Amino acid sequence: MVKRAHLVTGKGGVGKSLFSAALAYHFSKKNTSVLLTELTEHSFYKDFLSLPEISYKPRPWKKPHLDISQWRPEDTLREYALHLLKIESLYKLFFENPVSKSLIQVAPGLQELAILGKLTSSPRQHGPAMNYDEIVVDAHASGHFLSLLRAPSAMNEAIPFGPMGEQSKNIDKYLHNPEFTHIHLVTLPEELPITESIELHQQLKKEFGLNARMYLNKVWNLSESELSKFSAEAQETLENIITQEAWARKELQKAKISFTELPLIPELNSEVLIQALSEHIEVST
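With the first letter of the sequence shown counted as 1, position 61 gets the number 61 in UniProt numbering; the numbers rise by one all the way through.
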């Protein structure tokens with residue numbers, strides 16, 4: 001049974017997908033069973049990890065404890081419908097006709113609800129079982145992340161009765177449960193990512209009662225002696241970076257947000273990069 005769900009978000013380009021992989025690897029080293037999944041139409045990890053294929057069905061990435069998959073809304077809906085109907089011909093009759101397909105595409109919040117229903121299915125004991133201790137989700141960028149989390153509540157308000165209303169309510173309950181739902185917010189020491197991350201952190205706390213973990217990524221953190229080894233031109237550029245890093249720390253401290261600094265790791269090999277980054281992540285199991 002899934003004990004904890006970890007949703008990773010952040011402004012586009014901050015390194016949230018790399019962090020998600022490092023977080024999953026971090027958990028797998030502790031002899032816990034882990035699933036890393038991405039919510040994208042086109043897989044990032046397939047090429048990044050040089051894997052032949054990533055699909056809805058989990059496949060081993062790091063044996064024996066770490067699997068990887070890709071969750072698309074249509075796949076989660078199909079799995080859930082087949083679980084209820086039991087017979088594939090009935091599923092095709094109800095869900096694969098043109099009218100149903102069109103309704104599923106345009107129904108507000110239904111695709112997000114399908115994803116979150118899958119994520120919370122184990123503790124709710126509703127739907128196909130998932131035998132993992134931890135699930136790490138490379139989720140939507142911060143601009144769309146709140147829309148994802150708000151989907152169950154919106155559906156429950158629109159349809160408060162019946163099976164749909166009841167399941168939406170239960171999904172929302174687990175999203176508000178800090179023992180189950182853990183948000184990891186990745187940012188950079190730059191003005192736009194910091195501002196957006198602080199706003200999202202505050203909104204998550206206000207709306208969901210969740211205290212997201214903040215990660216300041218790609219930090220140089222150079223000392224004076226390290227800086228002096230560079231050319232004068234490079235020193236000027238690096239001094240600007242150091243100033244930005246100091247500003248970012250100050251802004252997060254001013255907002256009373258605790259954060260973990262993650263170093264910029266000069267490495268091109270994805271496997272080595274993930275392992276190195278995981279050494280700087282401190283999240284207990």
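Don't be surprised by glycine CBs; every beta carbon is placed ideally from N, CA and C. Keep in mind that this is a model prediction, so the values were computed, not measured.
C-alpha distance - residue i paired with residue j, whole-angstrom precision
i    : j    : result
R124 : F161 : 18 Å
E267 : G127 : 41 Å
I257 : D75  : 37 Å
V99  : L113 : Model confidence at V99 stands at a pLDDT of 45, short of 50, so the residue's coordinates are unreliable and nothing is read from them.
T237 : L116 : 43 Å
A24  : E134 : 8 Å
Q275 : Y80  : 35 Å
P204 : L175 : According to the sequence as given, residue 204 is Leu; it is not Pro. Each residue's Cα considered, the two are about 11 Å apart.
E207 : P189 : 26 Å
S153 : K173 : 9 Å
S284 : S225 : 35 Å
T37  : P52  : 16 Å
M155 : H65  : 35 Å
A141 : L39  : 10 Å
F44  : A255 : 33 Å
S228 : V2   : 50 Å
G165 : L18  : 36 Å
A129 : A232 : 59 Å
E179 : G10  : 21 Å
G15  : A22  : 11 Å
A5   : A234 : 42 Å
E279 : L7   : 19 Å
Q202 : E239 : 30 Å
S122 : I171 : 11 Å
N221 : P58  : 38 Å
Y56  : H42  : 12 Å
N269 : F48  : 9 Å
K30  : G13  : 29 Å
L277 : A246 : 21 Å
T181 : I242 : 34 Å
V106 : L148 : Here V106 scores only 47 on pLDDT, less than 50, and its place in the model should not be relied on; the value that follows carries that caveat. So the alpha carbons of these two residues sit roughly 15 Å apart.
Assumed close pair residue i, residue j - CB separation to whole angstroms, cut-off 8 Å
i    : j    : result
K46  : I54  : 5 Å
Y132 : S33  : 5 Å
L264 : K218 : 4 Å
G109 : A139 : That pair is no contact at about 16 Å.
P73  : Q111 : 3 Å
D67  : L35  : 5 Å
L210 : F145 : Contact flag wrong, Cβ pair sits at about 12 Å.
Where the beta strand (DSSP E) through residue i begins and ends
i    : result
L262 : 259-263
Range of the contiguous alpha helix (DSSP H) that encloses residue i
i    : result
E271 : 270-278
What beta strand (DSSP E) runs, 3 residues minimum, are completely inside the UniProt domain "ArsA/GET3 Anion-transporting ATPase-like" (6-158)?
-> Complete beta strand (DSSP E) runs here, min 3: 34-38, 59-62, 66-70, 134-138.
Which full runs of the alpha helix (DSSP H) of 4+ residues lie inside the segment 152-238, going along the chain?
-> Counting only runs of 4+ residues, the alpha helix (DSSP H) found wholly inside the segment 152-238 occupies 162-175, 191-208, 224-227, in chain order.
Is it true that the segment 209-219 meets the segment 170-185, where meeting means three or more beta-carbon pairs spaced less than 8 Å apart?
-> The segment 209-219 and the segment 170-185 touch, with no fewer than 3 CB-CB distances between them shorter than 8 Å.
At least three beta-carbon pairs within less than 8 Å, the segment 194-201 to the segment 245-254 | The segment 194-201, when compared against the segment 245-254, does touch it at the 8 Å Cβ threshold.
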